[in-house]
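Trainee: Next up is a structure, given as structure tokens.
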Amino acid sequence: MSAAPSESVQAAFGLFDDDSSDDDDGVQRSPPLAVDSTLQSLSFLPPAPSAVALDHRPAADANQYDTFDAEEVPSLYPPWDDVKPLAVGPIALVTDCEGIGGSRGYVATRDLAPGTRVLVEQVFVPWPSDVEQTDPAFFIATLESILAREDYEDILRHLGFLYPQQLSELPVELLAAGRAQYGEQLAQLRRDFQHLALSGDALLQSVFAMQCNAFDSGVFLYNAMFNHDCNPNCVKFTPEDAADGVSEVRVAAPVRQGEQLTISYLYPREQSRARRQRNLQAQFGFACACALCTRGDSALPAPAPPADADADADNGGNGIEAVETALALGEEMLKQKAGADQVLQLALEALSDALEVVAHDHLVLIRLHKLVADSCDVLLRAHPEQDTREYAILFLRSSCELLELQQALLNASHMDLARTLNDVSQGIQLLLSYDPGALLSEFPEWTDFRQASFVENKYRQEYRRIKRLYE
Numbered sequence: 007m008s009a010a011p012s013e014s015v016q017a018a019f020g021l022f023d024d025d026s027s028d029d030d031d032g033v034q035r036s037p038p039l040a041v042d043s044t045l046q047s048l049s050f051l052p053p054a055p056s057a058v059a060l061d062h063r064p065a066a067d068a069n070q071y072d073t074f075d076a077e078e079v080p081s082l083y084p085p086w087d088d089v090k091p092l093a094v095g096p097i098a099l100v101t102d103c104e105g106i107g108g109s110r111g112y113v114a115t116r117d118l119a120p121g122t123r124v125l126v127e128q129v130f131v132p133w134p135s136d137v138e139q140t141d142p143a144f145f146i147a148t149l150e151s152i153l154a155r156e157d158y159e160d161i162l163r164h165l166g167f168l169y170p171q172q173l174s175e176l177p178v179e180l181l182a183a184g185r186a187q188y189g190e191q192l193a194q195l196r197r198d199f200q201h202l203a204l205s206g207d208a209l210l211q212s213v214f215a216m217q218c219n220a221f222d223s224g225v226f227l228y229n230a231m232f233n234h235d236c237n238p239n240c241v242k243f244t245p246e247d248a249a250d251g252v253s254e255v256r257v258a259a260p261v262r263q264g265e266q267l268t269i270s271y272l273y274p275r276e277q278s279r280a281r282r283q284r285n286l287q288a289q290f291g292f293a294c295a296c297a298l299c300t301r302g303d304s305a306l307p308a309p310a311p312p313a314d315a316d317a318d319a320d321n322g323g324n325g326i327e328a329v330e331t332a333l334a335l336g337e338e339m340l341k342q343k344a345g346a347d348q349v350l351q352l353a354l355e356a357l358s359d360a361l362e363v364v365a366h367d368h369l370v371l372i373r374l375h376k377l378v379a380d381s382c383d384v385l386l387r388a389h390p391e392q393d394t395r396e397y398a399i400l401f402l403r404s405s406c407e408l409l410e411l412q413q414a415l416l417n418a419s420h421m422d423l424a425r426t427l428n429d430v431s432q433g434i435q436l437l438l439s440y441d442p443g444a445l446l447s448e449f450p451e452w453t454d455f456r457q458a459s460f461v462e463n464k465y466r467q468e469y470r471r472i473k474r475l476y477e
């Protein structure tokens, strides 16, 4: 590299331990963790994005559903038989789920292996393109676009079967907040569409139907019937080459016959328990009691706080809140194609701060290592002609740390592991091409080139195995 790396990059190499769990040690890993997004107080969040296909995720054929025949698709929910999914796997909708809003959910009709496709669906209500999802009037604007359609009655009727089917089903606090948030806007909407003679409560129910069942690109009726888990056994994503508005759900961990199928309502998943709980309560009106929320964000103990710090029971407390705020800023900067060097510096500083307040297996560290690796990836691609070995080392180290965290949290065939395995494999190849000696000096867990090559090949084959499961 022509210019010396920044002090943040140089300091980064001291953030990581030398030991690694790349080798199979036979130790049973702790179960995975969960997520949520930022929220200051009781308010309404924009729809949580579905996980969009990444570079290494297997692509779907954009035309594979062109011959869709509704008669051949099993009925999951008779009131919606006129808008069936594009494909249905071995699942059934049950209506006796205790303690869950709507009392409904999907169960497996046979044992399911990771990669099994269980649902493919076209968006039912797409979000308007002329309103930002962060706009407080977002759902009102969507409802206005529905009321302007000739088939508005059919759309509202279908939405009426989503939770909540009655406003009385909502928690008192959520309903009160909704009336305060949307009351005047709905009154104006009634005046604008007075010829439709719709009541304020009917419109408010439609707003909540969208809010409580919102995904990134719109409302998916059948996807909305999946219940939430912070460490779900299924993943919902947008196939890379599929037509606009198509969502697919695949099994991500072994599921036994009769077991409930779950997805995460939150994006990104890797957020602290405190943020997850706030967002779930604010947007969906429930407190999550899943295994991950019960366990906490890490299995290891947090570092001892400084003598002048207040103790906090939530493994990092306010410290991790500040880290998550910085992390979200960095993710948005990278998404907006801001300077990757600035994002990398921010990510490294946030990672350093996080390691002072949370355990080394804390859930949020997954996102931090992702951001470090993604920033390095952008910098490596932007300057292929330069000697960028410092970024190559940092890319590989963060990818290795990320893989270790994911392997401790996710099923061995989870699609999230595929990209990371491939990144580690490519990182080893990249460093071998830059400076083979640096590979062994910076990664002492690999004693010689033979062992490093073995790990590279092992991870490349494992990446291909997982990729095939989701094709």
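With the sequence shown counted from 1, adding 6 to any position gets you our numbering. Built from N, CA and C at the ideal position, the CB exists for glycine as well.
#1: Report the option in Asp136, His368, Phe460 whose CA atom is closest to the CA atom of Gln277.
#2: CB Tyr469 to CB Ser439, shorter than 8 Å?
#3: Return the residue from the list His234, Ala248, Glu254 that minimises the CA-CA distance to Ser270.
#4: Please identify the residue among Leu149, Glu265, Asp222, Ala154 whose C-alpha is closest to the C-alpha of Leu99.
#5: In chain order, what residues of the same chain lie with their CB nearer than 6 Å to the CB of Val261, ignoring the 5 residues before and after it?
#6: On the DSSP bridge assignment, give the partners of Gly111 in chain order.
#7: When the Cα atoms are used, what is the spatial distance from Glu410 to Leu416?
#8: Around the C-beta of Leu162, are 16 or more other C-beta atoms found within 10 angstroms, so that it is buried, or is it exposed?
#9: Express the C-alpha separation of Leu204 and Arg110 in angstroms, rounding to a whole number.
#10: Look at the alpha carbon of Pro134 and the alpha carbon of Val225, and state the distance between them as a whole number of angstroms.
#11: If you compare alpha carbons, which of Ala458, Ile326, Val213, Leu165 is closest to Gln187?
#12: Is the beta carbon of His368 within less than 7 Å of some heavy atom of the ligand SAH?
#13: Among Lys341, Leu385, Gln200, which residue has its Cα nearest to the Cα of Ala398?
#14: For Pro80, count the other beta carbons within 10 Å of its own beta carbon; 16 or more makes it buried, fewer makes it exposed. Which is it?
#15: Identify, in the order they occur along the chain, each residue of the same chain with its Cβ nearer than 6 Å to the Cβ of Ser151, setting aside the five sequence neighbours on each side.
#16: State yes or no: is the C-beta of Met216 within less than 8 Å of the C-beta of Val131?
#17: Quick check on Lys478: buried or exposed, where buried means 16 or more other Cβ atoms within 10 Å of its Cβ?
#18: Would you grab the beta carbon distance between Leu192 and Leu209 for me? Rounded to a whole angstrom, and I think it's under 8 Å.
#19: By how many angstroms is the C-alpha of Ala93 removed from the C-alpha of Trp86?
#20: Leaving out the 5 sequence neighbours to the left and right, which residues in its chain are closer than 7 Å to Leu176 when beta-carbon positions are compared?
#21: Going by beta-carbon coordinates alone, are Ser304 and Ala365 separated by less than 8 Å?
#22: Buried or exposed: where does Leu350 fall if 16 or more other Cβ atoms within 10 Å of its Cβ makes it buried?
#23: When you compare only the Cα positions, how much space is there between Glu462 and Ile434?
#24: Helix, strand or coil: which one does DSSP assign to Gly206?
#25: Can you list, in chain order, the stretches of the alpha helix (DSSP H) that have 4 or more residues and sit fully within the region 341 to 380?
#26: Just reading off the beta strand (DSSP E) that Cys240 is part of, what are its end residues?
#27: Given that a residue counts as buried once 16 or more other Cβ atoms are within 10 Å of its Cβ, and exposed if not, what is Ala308?
#28: What does the alpha-carbon distance come out to for the pair Ala334 and Tyr476?
#29: Measuring straight from C-alpha to C-alpha, what distance separates Ser447 and Ala414?
#30: Over the uninterrupted beta strand (DSSP E) stretch that includes Gln266, give me the two end residues.
#31: Considering only residues of the same chain and omitting the five flanking positions on each side of Ser459, which have a CB-CB separation below 7 Å?
#32: Select from Ser404, Arg373, Phe455, Leu371 the residue whose C-alpha is nearest the C-alpha of Cys382.
#33: Please say whether Arg395 and Asp441 have beta carbons closer to each other than 8 Å?
#34: Tell me, which residues are paired with His234 by DSSP?
#35: Hey, out of Thr268, Gln287, Thr148, Asn285, whose CA is closest to Ala297's CA?
#36: If you count every other CB in all the chains shown that lies within 10 Å of the CB of Ser223, and 16 or more means buried, which is it?
Mentor: Taking the geometry as given:
#1: Within the sequence shown, the letter at position 271 stands for residue 277. When each option's Cα is compared against that of Gln277, the closest is His368.
#2: The count along the sequence shown starts at 1 and reaches residue 469 at position 463. The count along the sequence shown starts at 1 and reaches residue 439 at position 433. No. Outside cutoff.
#3: Counted from its first residue, the sequence shown places residue 270 at position 264. Of the listed residues, the one whose Cα sits closest to Ser270 is His234.
#4: Working through the sequence shown from its first residue, we reach residue 99 at position 93. Of the candidates Leu149, Glu265, Asp222, Ala154, the one whose C-alpha sits nearest the C-alpha of Leu99 is Glu265.
#5: Taking the first residue of the sequence shown as 1, we reach residue 261 at position 255. The answer, listed in chain order, is Ala114, Leu118, Asn239.
#6: In the sequence shown, counting from the first residue as 1, residue 111 sits at position 105. Per DSSP, Val100.
#7: Stepping through the sequence shown from its first residue, residue 410 is reached at position 404. Stepping through the sequence shown from its first residue, residue 416 is reached at position 410. Cα-Cα distance, rounded: 10 Å.
#8: On the sequence shown, position 156 is the one that residue 162 refers to. The residue in question, Leu162, is buried, as its Cβ has 16 or more Cβ neighbours within 10 Å.
#9: Sequence index remark: in the sequence shown, residue 110 carries index 104 (1-based). Sequence index remark: in the sequence shown, residue 204 carries index 198 (1-based). Roughly 28 Å separates the two Cα atoms.
#10: Translated into positions along the sequence shown, residue 134 becomes position 128. Translated into positions along the sequence shown, residue 225 becomes position 219. Straight-line Cα distance between these residues: approximately 12 Å.
#11: Within the sequence shown, the letter at position 181 stands for residue 187. That would be Val213, whose Cα lies nearest to the Cα of Gln187.
#12: The ligand SAH is not part of the structure shown, which contains no ligands of any sort.
#13: Position 392 of the sequence shown holds residue 398. Out of Lys341, Leu385, Gln200, Leu385 has the C-alpha closest to the C-alpha of Ala398.
#14: Numbered from 1 along the sequence shown, position 74 holds the residue referred to as residue 80. When all chains shown are included, Pro80 counts as exposed.
#15: By 1-based counting over the sequence shown, the position of residue 151 is 145. Within the same chain, Pro134 come within 6 Å of Ser151 by CB-CB distance, once the 5 residues on both sides are set aside.
#16: Within the sequence shown, the letter at position 210 stands for residue 216. Within the sequence shown, the letter at position 125 stands for residue 131. It is a contact, given that the beta carbons lie within the stated cut-off.
#17: The structure shown does not extend to residue 478, since the chain spans only 7 to 477, so no value can be given for it.
#18: Numbered from 1 along the sequence shown, position 186 holds the residue referred to as residue 192. Numbered from 1 along the sequence shown, position 203 holds the residue referred to as residue 209. Right, their Cβ atoms sit about 5 Å apart.
#19: Sequence index remark: in the sequence shown, residue 86 carries index 80 (1-based). Sequence index remark: in the sequence shown, residue 93 carries index 87 (1-based). Their backbone Cα atoms lie some 14 Å apart in a straight line.
#20: The residue given as residue 176 occupies position 170 in the sequence shown. The residues are Pro170, Phe214, Gly291.
#21: Here the question's residue 304 lines up with position 298 in the sequence shown. Here the question's residue 365 lines up with position 359 in the sequence shown. Closer than 8 Å, so yes.
#22: To locate residue 350, count along the sequence shown from 1; it is residue 344. So Leu350 counts as buried.
#23: Looking up residue 462 in the sequence shown gives position 456. Looking up residue 434 in the sequence shown gives position 428. Cα to Cα, Glu462 sits roughly 6 Å from Ile434.
#24: For the purposes of this step, residue 206 is taken as residue 200 along the sequence shown, with counting starting at 1. It is helical.
#25: Counting only runs of 4+ residues, the alpha helix (DSSP H) found wholly inside the region 341 to 380 occupies 346 to 363, in chain order.
#26: Taking the sequence shown and counting its residues from 1, the one referred to as residue 240 is at position 234. From DSSP, the beta strand (DSSP E) with Cys240 extends over 240 to 244.
#27: Counting from one through the sequence shown, the residue named residue 308 turns up at place 302. Label assigned to Ala308: buried.
#28: By 1-based counting over the sequence shown, the position of residue 334 is 328. By 1-based counting over the sequence shown, the position of residue 476 is 470. Approximately 29 Å, taken between the alpha carbons.
#29: Along the sequence shown, read from residue 1 onward, the residue named residue 447 stands at position 441. Along the sequence shown, read from residue 1 onward, the residue named residue 414 stands at position 408. Whole-angstrom Cα-Cα distance: 26 Å.
#30: One-based indexing of the sequence shown puts residue 266 at position 260. That run of the beta strand (DSSP E) goes 266 to 269.
#31: To locate residue 459, count along the sequence shown from 1; it is residue 453. The answer is none, since no qualifying residue turns up.
#32: As a position in the sequence shown, residue 382 is number 376, starting the count at 1. Out of Ser404, Arg373, Phe455, Leu371, Ser404 has the C-alpha closest to the C-alpha of Cys382.
#33: Locating residue 441 in the sequence shown gives position 435, where the first residue counts as 1. Locating residue 395 in the sequence shown gives position 389, where the first residue counts as 1. Result yes, Cβ atoms of Asp441 and Arg395 sit closer than 8 Å.
#34: Here residue 234 refers to the residue found at position 228 of the sequence shown. DSSP lists Ile269 as partners of His234.
#35: Position 291 of the sequence shown holds residue 297. Checked all of Thr268, Gln287, Thr148, Asn285; the closest Cα to Ala297 is Thr268.
#36: Mapped onto the sequence shown, residue 223 falls at position 217. Burial call: buried.
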